[in-house]
Structures are given as C-alpha cells and as structure tokens.
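Some notes on the structure that comes next.
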Amino acid sequence: MGEVGDRLLAWYDRHARTLPWRTPPGSGEAPDPYRVWLSEIMLQQTTVAAVGPYFAKFTERWPTLQALAAEDDAEVLSAWAGLGYYARARNLIACARTVADGGGAFPDTEEGLRELPGVGAYTAAAIAAIAFDRRAVVVDANVERVVARLFAIREPLPAAKPSIRAAADEITPDRRAGDFAQAMMDLGSGICTVRDPKCLLCPLSDLCVARAEGIAENLPAKTPKKAKPVRQGTAFWVERDGHVLLVTRPGKGMLAGMRALPDDGWSARADGDGEPPLDGDWQHVEGTVRHGFTHFTLEMQVRRLTAQGSHPKGEWWPIDRVEAEAGLPTLFLRAAQLVLRG
DNA sequence: AACACGGGGCG
DNA sequence: CGCCCAGTGTT
Numbered sequence: 003m004g005e006v007g008d009r010l011l012a013w014y015d016r017h018a019r020t021l022p023w024r025t026p027p028g029s030g031e032a033p034d035p036y037r038v039w040l041s042e043i044m045l046q047q048t049t050v051a052a053v054g055p056y057f058a059k060f061t062e063r064w065p066t067l068q069a070l071a072a073e074d075d076a077e078v079l080s081a082w083a084g085l086g087y088y089a090r091a092r093n094l095i096a097c098a099r100t101v102a103d104g105g106g107a108f109p110d111t112e113e114g115l116r117e118l119p120g121v122g123a124y125t126a127a128a129i130a131a132i133a134f135d136r137r138a139v140v141v142d143a144n145v146e147r148v149v150a151r152l153f154a155i156r157e158p159l160p161a162a163k164p165s166i167r168a169a170a171d172e173i174t175p176d177r178r179a180g181d182f183a184q185a186m187m188d189l190g191s192g193i194c195t196v197r198d199p200k201c202l203l204c205p206l207s208d209l210c211v212a213r214a215e216g217i218a219e220n221l222p223a224k225t226p227k228k229a230k231p232v233r234q235g236t237a238f239w240v241e242r243d244g245h246v247l248l249v250t251r252p253g254k255g256m257l258a259g260m261r262a263l264p265d266d267g268w269s270a271r272a273d274g275d276g277e278p279p280l281d282g283d284w285q286h287v288e289g290t291v292r293h294g295f296t297h298f299t300l301e302m303q304v305r306r307l308t309a310q311g312s313h314p315k316g317e318w319w320p321i322d323r324v325e326a327e328a329g330l331p332t333l334f335l336r337a338a339q340l341v342l343r344g
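Remember, my numbering sits 2 above the position in the first sequence when you count from 1.
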C-alpha cells in the first residue's frame, strides 16, 4: 500500500501549506524541535488560525526553550490567555523546565517524548516524525477522518480508534515521516473536510472506498454527545481609585491558575454560591455574558461595587490596562467589557 | 471508558 | 445554534 504514501507526498510537494512552524518540503531544512513542540501543544484541540498570533508572540518573546523555561509561570499563563485549555500552558511550562534541566535537548524518540508533560500519544508521534524524521503513526482528528473514509470504516468513534490506527499504520510509509504526517493533516484540513469534501481535488479519490460507495461525507460516524446544560453565574466588579479587584483562580478546575474577576462559583459548588467578595451596595450591570465551555454553557451576570478601604485577598489592577494586560480568559474579558463598554 | 477541560469559526 | 478542531490527564 505504498501507493497512498507516494501519491500523498507528491501532492504535498505541490500543495503544502506555508506555516510558521514548518519547513518547506524538499528544502532540506531541519525544523527546530522547540518550534515543532510549541506548535503541537498550541494546536491541541484548536485551529491553525487561532494559534497563528499566539505562536508568533511566544516565539518572539521566548525564542528558545531555555528562555521559556526561565520565565515566570504568571507571564506564560498571561500570554496564553484566550487560547483555552489552560492545562496545556501549565504542562508547557513543566515540559520546558523538564527538558531544560535534562540538558536542553528534546528526546528524539516517540517513547522518550511520550514521558513529557502535556505530550500524549498524538503529540509524541507528531514531534518524532516532524522534528526527528522518525516513522510514527500520527493520528489526529484529520487523520481519523481521512482513514475512516479511505477504508470506509463505519464503526463510530471513539470505538473505531484502534481500527483506524491500524489502518493508518498500513498506509504510513518508511520515508519522509514528517512530510507524510503533515500531508495527511493538510489533506484533512483542506480537501477531506468534515462537510462537503473536495473529492475532485483529492489525490486519493480513486483509492477511497467511501467515495466509491457515496458515503464519504457521512464518515467517520460518531456516537451522539450528551446535551450541554446551561449554568448561571455572577461575576463581581469591585472598583477603587481607578483599580479593579482581580483574583487568581485555584490551581485545579475551570480556568485553573488564571487571573479572573471574583465570582460566585457558577452554581458549581455545593455551598457558598452567590456570595459577593464583600458587603456593600451592589449595582446590577446591564447585559449577560454567554460563554460556551466543552460540557456546559454559562450565562453570567455582572454586579459592580465601588469599595472603600482595603481588601485582604486579590490584587488591584489599573482599570485602563485590565483589558490589554491582565491576561484574563475570554469569559472574564467579556465580563470586564460589559462593565467598561456596556 | 467516561469525563473534564476553552474558544472561535463554520454552515 | 449545533458541530467541529494538529488531545491530554484524571478517575
């Protein structure tokens, strides 16, 4: 089945996307493992478009692994704000320090990479292939879709993962590991798309069983997801002398370790719900922030108070810099904008 | 195996 | 508005 590899690599030579963490096919340039790793962590469960500005910011500010490893946690988390899945940022820091302490070079095998924080099966395979030209079976959501269609695997995900991986192993060539992995992703991203696949442009269309059977767009099948509940919550805007009170969220749970407005726990706690951070004449702020999380939707109200005197916990942040510099996750940025802009 | 974990973009 | 995306870690 070297046919798939040959065709896909030839297609990639002509149609590879130009991306900041990529070296062009056939250029002979070895990619920087630091940049490959950084891009792969950022790209977990998000899109190339979303990552672009963050990758540029991170590589400009921390051009090397050593620079990143030496940075304060809060600075890195703040730079990550808005990208989501904040455990990735904490693992990024932990991984950078692990590698830096170990001499500064990334492991160059899948097994070695797999030991690092934030590096799972997919990322270990991807880095081994792209940065170190190791043959590895790289299976992300793009590859799952391409392979499920190519072999017409009808079993729904996630149960079909082992079958899909075995099929992906069959078509993975023994050469140009990184190019093949990235070619599969480009194919899945631009041609073998979830809806309306561009089969007429696909270099594999005449090998594709699902295409022959007319079911390409219906694959891969997925087991139905549970409906997302809606939760209610309140955020508190406490103002004093041109400053607003910010807190740092706990190290575990939603938006862990991120700077935030005080809130009431969003109906998530058994006790203490609805408690403002201090007593006073709270004013209702017009509007609602609706924010989608992976497994629920949050509808958050905002209440505001002008405080006097000191407050024991939290930091007072200049209001005119809170939007640009506080590193608030999007939920709390929207809440702040409700107060500041209506 | 199931769940927790963000955010934005698409039809 | 529902679905999806270069997944990982925990239980």
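Even glycine gets a Cβ: it sits at the ideal position worked out from N, Cα and C. Every value quoted in this text rests on a predicted model; they were computed, and no experiment measured them.
Asked	Found
If you draw a straight line from the C-alpha of Gln47 to the C-alpha of Ala218, how long is it?	23 Å
Compute the Euclidean distance between the alpha carbons of Gly274 and Gly267, then round it to the nearest angstrom.	Unreliable placement is indicated for Gly274, whose pLDDT of 41 sits below 50; no coordinate value is reported for it.
With distance defined between alpha-carbon atoms, name the residue in Leu115, Trp64, Leu247 nearest to Pro264.	Leu247
If we count the other Cβ atoms within 10 Å of its Cβ and call it buried at 16 or more, is Ser29 buried or exposed?	exposed
For Pro35, which option in Leu21, Glu5, Thr66 has the closest C-alpha, if you only look at C-alpha atoms?	Thr66
Going by the DSSP bridge assignment, what does Arg292 pair with across the sheet?	Glu301
With 16 other CB atoms within 10 Å as the buried threshold, where does Arg63 fall?	exposed
Where Ala89 and Cys97 are concerned, what is the direct C-alpha to C-alpha distance, given to the nearest angstrom?	12 Å
Report all residues from its chain with a CB closer than 7 Å to the CB of Ala127; omit the five preceding and five following residues, and keep chain order.	Glu112, Ala138, Val139, Val140
Using only the alpha-carbon positions, how far apart do His245 and Ile155 sit?	58 Å
Around the C-beta of Asp103, are 16 or more other C-beta atoms found within 10 angstroms, so that it is buried, or is it exposed?	exposed
Between which two residues does the alpha helix (DSSP H) carrying Gln339 extend?	332 to 343
Check whether the Cβ atoms of Trp318 and Ala328 lie closer than 8 Å to each other.	no
Who are the near neighbours of Arg99 in its chain, counting only those whose CB is closer than 6 Å to its CB and skipping five residues on each side?	Ala71
I need the boundaries of the beta strand (DSSP E) containing Arg136, first residue and last residue.	Where Arg136 is concerned, there is no enclosing beta strand (DSSP E), given that its DSSP letter is neither H nor E.
Need the endpoints of the beta strand (DSSP E) that Phe238 sits in, please.	232 to 242
Can you look up Glu317 in the DSSP assignment and give me helix, strand or coil?	strand
With a 10 Å radius around its C-beta and 16 neighbouring C-beta atoms as the bar for buried, classify Leu221 as buried or exposed.	buried
Going by CA-CA distance only, name the one from Gly86, Ala69, Gly235, Asp181 that's closest to Leu21.	Asp181
So, with DSSP's three-state summary, where would you put Ala72?	coil
Determine the direct distance from the alpha carbon of Leu189 to that of Leu79, and round the result to whole angstroms.	33 Å
Would you mind listing the beta strand (DSSP E) stretches within the stretch 167 to 248 that are 3+ residues and don't spill past its ends, in chain order?	232 to 242
Going by the C-beta, is Gly54 closer than 7 Å to any heavy atom of the ligand PLP?	For the structure depicted, the ligand PLP is absent and the ligand set is empty, with no information on it obtainable.
If you draw a straight line from the C-alpha of Ala272 to the C-alpha of Arg233, how long is it?	At Ala272 the pLDDT is 37, less than 50, meaning the model places this residue with poor confidence; the figure from the coordinates comes in the next sentence. About 14 Å.
Ends of the alpha helix (DSSP H) at Val121?	Element bounds for Val121: n/a, residue is neither H nor E.
Which residues mark the beginning and the end of the alpha helix (DSSP H) in which Lys254 is found?	Unbroken run through Lys254: none, as it is neither H nor E.
Can you name the start and end residues of the alpha helix (DSSP H) that Trp39 belongs to?	35 to 45
Can you give the Cα-Cα distance for Leu1 and Pro119, rounded to whole angstroms?	The first residue shown for the chain is 3 and the last is 344, placing residue 1 beyond what the model contains.
Does DSSP classify Arg24 as helix, strand or coil?	coil
For Ala229, which of Pro26, Leu40, Thr299, Val148 has the nearest alpha-carbon?	Thr299
Grab me the residues of Glu42's own chain with a C-beta within less than 7 Å of its C-beta, minus the 5 sequence neighbours each way, in chain order.	Thr125, Ala128, Ile129
How about Trp239 and Val196: do their beta carbons lie closer than 8 Å?	no
How close, in whole Å, do the beta carbons of Ala262 and Pro331 come, if the pair is a contact with beta carbons under 8 Å?	7 Å
Return the Cβ separation of Arg323 and His293 in integer angstroms, given the expectation that the two are a contact with Cβ distance under 8 Å.	The Cβ separation is near 23 Å, so there is no contact.
Look at the alpha carbon of Arg16 and the alpha carbon of Val6, and state the distance between them as a whole number of angstroms.	16 Å
From what residue to what residue does the alpha helix (DSSP H) around Tyr14 run?	4 to 17
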